[in-house]
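S.K.: Anchor point for the sequence shown: position 47 equals 28 in our numbering, and the numbering is continuous, going up by one each time. After the structure tokens below, expect a handful of questions from me.
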Amino acid sequence: MNNLKRYGWELALAALLVIEILGFGAANSQMLNINVLLFSTSDFICIGLVALPLTMVIISGGIDISFGSTIGLCAITFGMLFQAGVPLPLAIVLTVLAGTVCGLINAALILYTGINPLVITLGTMYLFGGSALLLSGLAGATGYEGIGGFPESFTNFANLSVLGLPVPLLFFLFSVLLCWAWLHNTHQGRNVFLTGQNARAAQYSATPVNRTLFLLYAMTGFAASIAAILQVSYFGSARSDLGSAFLMPAITAAVLGGANIYGGSGSILGTALATLLVGFLQQGLQMVGVPNQISSALSGALLIIVVVGRSVSLHRGQIRDWLRRTQAAWQR
């Protein structure tokens, strides 16, 4: 009974996911094909890779909206390194390092300026995005053109399957397991929740708040770099705009998964299920002929509904008191 209450939101998301797939399957039978379901995840699963550490950042009371630009910067950096003749393994390592540094820059600016994380990461979003475009121009890939010419062994990697599962989905499942184990079963993970509940009280109780935040933002940058490499492999081209469409779906997945926008609570498993829910929503709408603009609008509406619904759920006691006072005032 306790587990049912503890994972009630995750069970609700799982039920919604099944209903969604069955509903779209009724309109288009291809949606019920297991191979179509599994391999269609490659179109959106990288969103989940960045949504997982983003969830932990939100739990800590912060936010990072620069990860889309970090993906673009890492993608074009990887392309330039390859173009310069750097061996692919070394280029991958340097790209991962670049993404991690972007996360550390966010953490350093947030901690040492005291400015709201939303404002800082808004600034770095434009900084990293502009840097990606600048590097793209220097590489000769003007505008949003990409750097190609990667070997087939690399471009085929994201399209491979292992044990019947596509490689990007395996990366996602491994990340879910790793993040869940770290956040919910380690002392450092508990520090994330304590920091989000009350950062000042956490500092007074000897919780390493600064170190925790540095780690979380670095993890977000690291995840963005991995997503960038997988995207380059999947599309066969390194472009500065590869992460431009990640922002809204990733935040929607984190919040829909149960992350409290005020900090202090959240669920890795919930974010994983919400990623699939949002991803299959967009896939299903496309399969039944709904334009991309409408599916994007529906994702935005879903985010607003979830934020309002979670806020009402968290403050239902205060809302009940307000309704009683209002009713009493009308009866006078």
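For glycine and all other residues, C-beta sits at the position ideal for the given N, C-alpha and C.
(1) Within the continuous alpha helix (DSSP H) that includes residue 58, where are the two ends?
(2) Rank 36, 81, -7 by C-alpha distance to the C-alpha of residue 235 and give the top, closest one.
(3) Per DSSP, what kind of secondary structure is residue -18 in: helix, strand or coil?
(4) Which runs of the alpha helix (DSSP H) fall wholly inside the segment 159 to 187 and span at least 4 residues, in chain order?
(5) From what residue to what residue does the alpha helix (DSSP H) around residue 117 run?
(6) Would you kindly work out how many angstroms separate the C-alpha atoms of residue 51 and residue 1, rounded to a whole number?
(7) Confirm, please, whether the CB-CB distance from residue 240 to residue 42 is below 8 angstroms.
(8) Just the Cα atoms here: how many angstroms apart are residue -18 and residue 118?
(9) Rounded to whole angstroms, what is the Cα-Cα separation between residue 271 and residue 95?
(10) Alpha carbon to alpha carbon, how far is residue 220 from residue 34?
(11) Does DSSP put residue 128 in a helix, in a strand, or in coil?
(12) Would a C-beta distance cut-off of 8 angstroms place residue 127 and residue 53 closer than the cut-off?
(13) For the putative contact between residue 255 and residue -6, defined by C-beta atoms under 8 angstroms, what is the C-beta separation to the nearest angstrom?
M.R.: Once the coordinates are examined:
(1) Counted from its first residue, the sequence shown places residue 58 at position 77. Residue 58 -> alpha helix (DSSP H) spans 48 to 64.
(2) If you number the sequence shown from 1, residue 235 lands on position 254. Nearest option by C-alpha distance: 36.
(3) Locating residue -18 in the sequence shown gives position 1, counting from the first residue. Residue confidence is low: residue -18 scores 49 on pLDDT, short of 50, so the model does not pin down where it sits. No coordinate-derived value is stated.
(4) 168 to 178, 180 to 185
(5) Here residue 117 is taken as the residue at index 136 of the sequence shown, counted from 1. That run of the alpha helix (DSSP H) goes 98 to 119.
(6) For the purposes of this step, residue 51 is identified with residue 70 of the sequence shown, where counting begins at 1. For the purposes of this step, residue 1 is identified with residue 20 of the sequence shown, where counting begins at 1. Distance between the alpha carbons of residue 51 and residue 1 is about 32 angstroms.
(7) Position 61 of the sequence shown, counting from 1, holds the residue named residue 42. Position 259 of the sequence shown, counting from 1, holds the residue named residue 240. Not closer than 8 angstroms, so no.
(8) In the sequence shown, residue -18 corresponds to position 1, counting from 1. In the sequence shown, residue 118 corresponds to position 137, counting from 1. Below a pLDDT of 50, predicted positions are generally treated as unreliable, and residue -18, at 49, falls in that range; the measurement from the model is reported next regardless. Looking at the two C-alpha atoms, the distance is approximately 58 angstroms.
(9) As a first step, residue 271 must be located in the sequence shown, where it is residue number 290. As a first step, residue 95 must be located in the sequence shown, where it is residue number 114. Straight-line Cα distance between these residues: approximately 44 angstroms.
(10) Position 239 of the sequence shown, counting from 1, holds the residue named residue 220. Position 53 of the sequence shown, counting from 1, holds the residue named residue 34. Taking the straight line from one Cα to the other gives about 23 angstroms.
(11) On the sequence shown, position 147 is the one that residue 128 refers to. Three-state DSSP puts residue 128 in a strand.
(12) On the sequence shown, position 146 is the one that residue 127 refers to. On the sequence shown, position 72 is the one that residue 53 refers to. Not closer than 8 angstroms, so no.
(13) Numbered from 1 along the sequence shown, position 274 holds the residue referred to as residue 255. Numbered from 1 along the sequence shown, position 13 holds the residue referred to as residue -6. Their Cβ separation, rounded to whole angstroms, is 6 angstroms, which keeps residue 255 and residue -6 in contact under 8 angstroms.
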